[in-house]
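Per the numbering used here, the very first residue in the sequence shown carries number 11; after that it's consecutive.
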Amino acid sequence: MKFQNPKGILSVIFVYIIIFSEYDNNSQSTIFIAIEFTLIYLMIHWAYIQAQIQSPGNPSPDLAKNYQEHTLQEIKSRTKKHSEIIQKKRQQKLMKKYELAIDEEDEIFDIIQAMQLDSYCFKCKNIKQPRTHHCKECNKCILRMDHHCPWVNNCIGLKNHRYFCQFIIYALLCMSQCFIFITIELLGNTQLKGDSKFLCQMCALTCLLLCLSMGTLLVFHLYHIAKNVTTVEFHIEEMKTDNPFLKSKTIDNFKELFGSNYIYWILPLTENESNKSKNKNDSFEL
Ligand SMILES: [Zn+2]
Ligand SMILES: [Zn+2]
Numbered sequence: 011m012k013f014q015n016p017k018g019i020l021s022v023i024f025v026y027i028i029i030f031s032e033y034d035n036n037s038q039s040t041i042f043i044a045i046e047f048t049l050i051y052l053m054i055h056w057a058y059i060q061a062q063i064q065s066p067g068n069p070s071p072d073l074a075k076n077y078q079e080h081t082l083q084e085i086k087s088r089t090k091k092h093s094e095i096i097q098k099k100r101q102q103k104l105m106k107k108y109e110l111a112i113d114e115e116d117e118i119f120d121i122i123q124a125m126q127l128d129s130y131c132f133k134c135k136n137i138k139q140p141r142t143h144h145c146k147e148c149n150k151c152i153l154r155m156d157h158h159c160p161w162v163n164n165c166i167g168l169k170n171h172r173y174f175c176q177f178i179i180y181a182l183l184c185m186s187q188c189f190i191f192i193t194i195e196l197l198g199n200t201q202l203k204g205d206s207k208f209l210c211q212m213c214a215l216t217c218l219l220l221c222l223s224m225g226t227l228l229v230f231h232l233y234h235i236a237k238n239v240t241t242v243e244f245h246i247e248e249m250k251t252d253n254p255f256l257k258s259k260t261i262d263n264f265k266e267l268f269g270s271n272y273i274y275w276i277l278p279l280t281e282n283e284s285n286k287s288k289n290k291n292d293s294f295e296l
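See the structure below:
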């Protein structure tokens, strides 16, 4: 457990300033609301720290040693071909010529098929299991990589995507309460005038903007978890129609990241190793 990237510490400090200012906004509440708010506030910290310090999941460093030389060469050449196709599609998209010619339709099948097979990371010199991607920021391969998050200063992958979602949910709950409390104060307190009123209005506006951005982010993540698509895969057009990882029941797509025990859906608890391997065998087939 360690901070993945010392350079990103400034963004983490920025997030902490926002979290601390949320608590300050609610110092004048009733006892019940103060306790409830404090609990949610502590959950934000807990989930945020977990998303930062828990590893997103990396392939075992000596995977390539288990492969025979000719199989390894086959995987390397398939990886090269796959990257060339993806690169070509990205260029076409940039040039707004995304539609493929008829003779290129087979390549679509290749992409979907290649995503289900092992590939090779030329930087780590190791096997990449399906859905594994190399993060340029961390300079490591990440299992079921979603994205590299500068605000968490860590990659979000198979093992910490759950904490990332929990952080957004608790932060959204906290911020929406801040917005409601400040709005009630603004509407109900007639003595609020001048600079104090302006400060309250600015706080309410900041909370509202943060709620909207956090809400949009949460909807994006929950929708794509339900569809079993990572943020990396979201950019691959074929995943929207031919997703080989999509499970028939939506709940099973959530279980892949959140686990089969519902207590882990609510609390950012660290699962013990036996539970982790059980869940992995249940739902994440490598
Ligand atoms: Zn790599
Ligand atoms: Zn990363």
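Yeah, the Cβ is synthetic: ideal placement off N, Cα and C, and Gly gets one too. Since this is a predicted model, take the numbers as computed values, not measurements.
What is the DSSP secondary structure of residue 26, reduced to helix, strand or coil?
Three-state DSSP puts residue 26 in a helix.
Under the criterion of a Cβ to heavy atom distance below 6 Å, does residue 158 qualify as lining ligand 2?
At a cut-off of 6 Å, the beta-carbon of residue 158 counts as near ligand 2: some heavy atom of the ligand is closer than that.
Sorted by chain position, which residues of the same chain lie with C-beta nearer than 6 Å to residue 157's C-beta, five sequence neighbours on each side aside?
These residues qualify, in order along the chain: 166 and 241.
Give the single residue among 58, 48 and 53 whose Cα lies nearest to the Cα of residue 23.
Nearest option by C-alpha distance: 58.
To the nearest angstrom, how far is the alpha carbon of residue 73 from that of residue 62?
When rounded, the distance between both Cα atoms is 26 Å.
In the DSSP assignment, the alpha helix (DSSP H) including residue 65 goes from what residue to what residue?
From DSSP, residue 65 is part of no alpha helix (DSSP H); its letter is neither H nor E.
Please classify residue 66 as buried or exposed, where buried requires at least 16 other C-beta atoms within 10 Å of its C-beta.
Label assigned to residue 66: buried.
Assign residue 254 to buried or exposed, taking buried as 16 or more other Cβ atoms, counted over all protein chains shown, within 10 Å of its Cβ.
Per the 10 Å Cβ criterion, exposed.
I think residue 151 touches residue 68, with their Cβ atoms under 8 Å apart; what is that distance to the nearest whole Å?
Contact holds; Cβ gap of about 6 Å.
Could you check the C-alpha separation between residue 183 and residue 40 for me, to the nearest Å?
Their backbone Cα atoms lie some 18 Å apart in a straight line.
Any contact between the stretch 79 to 97 and the stretch 169 to 183? By contact I mean 3 or more CB pairs, one from each, below 8 Å.
A contact between stretches requires three or more CB pairs, one per stretch, nearer than 8 Å, and the stretch 79 to 97 fails this requirement with the stretch 169 to 183.
Apply the 10 Å Cβ neighbour rule to residue 149 and answer buried if 16 or more other Cβ atoms are within range, or exposed otherwise.
Result: exposed.
Reducing DSSP to helix, strand and coil, say where residue 93 ends up.
Correct three-state label for residue 93: helix.
Selected residue, minimal CA-CA separation from residue 25, among 45, 50 and 55:
Nearest C-alpha to residue 25 among 45, 50 and 55: 55.
Cβ neighbour criterion (16 or more within 10 Å) applied to residue 205:
Residue 205 is exposed by the Cβ-count criterion.
Do you know offhand how far residue 248's Cα is from residue 70's?
Distance between the alpha carbons of residue 248 and residue 70 is about 29 Å.
Can residue 185 and residue 220 be called in contact, C-beta distance under 7 Å?
Yes, the pair counts as a contact, with Cβ atoms nearer than the cut-off.
Compute the distance between the beta-carbons of residue 263 and residue 236, then report whether it is under 7 Å.
Yes; because the gap between Cβ atoms is below 7 Å, this pair is in contact.
My output table needs one value for residue 136: the three-state DSSP class, helix, strand or coil.
Correct three-state label for residue 136: strand.
Do residue 131 and ligand 2 come close, with the Cβ less than 6 Å from some heavy atom?
Residue 131 Cβ: outside cutoff for every heavy atom of ligand 2.
Could you check where the alpha helix (DSSP H) with residue 223 kicks off and where it finishes?
Note, residue 223: alpha helix (DSSP H), 204 to 236.
Would you report the Cα separation of residue 231 and residue 201, rounded to the nearest angstrom?
So the two alpha carbons sit approximately 42 Å from each other.
Which one or two residues does DSSP pair with residue 271 in a beta bridge?
Beta-bridge partners of residue 271 (DSSP): none assigned.
Ends of the beta strand (DSSP E) at residue 143?
Where residue 143 is concerned, the enclosing beta strand (DSSP E) stretches over 143 to 145.
Excluding five sequence neighbours on each side, which residues of the same chain lie with their C-beta closer than 7 Å to the C-beta of residue 287?
Note that residue 287 scores a pLDDT of 47, beneath 50, so its modelled location is shaky and nothing firm can be said.
Euclidean distance between Cα positions of residue 277 and residue 173:
Straight-line measurement puts the Cα of residue 173 at about 9 Å from the Cα of residue 277.
Less than 7 Å between the C-beta atoms of residue 138 and residue 131, yes or no?
Taking 7 Å as the Cβ cut-off, residue 138 and residue 131 qualify as a contacting pair.
Assign residue 141 to one of two classes, buried (16 or more other C-beta atoms within 10 Å of its C-beta) or exposed (fewer than that).
Around the beta carbon of residue 141, 16 or more other beta carbons sit within 10 angstroms, so the residue counts as buried.
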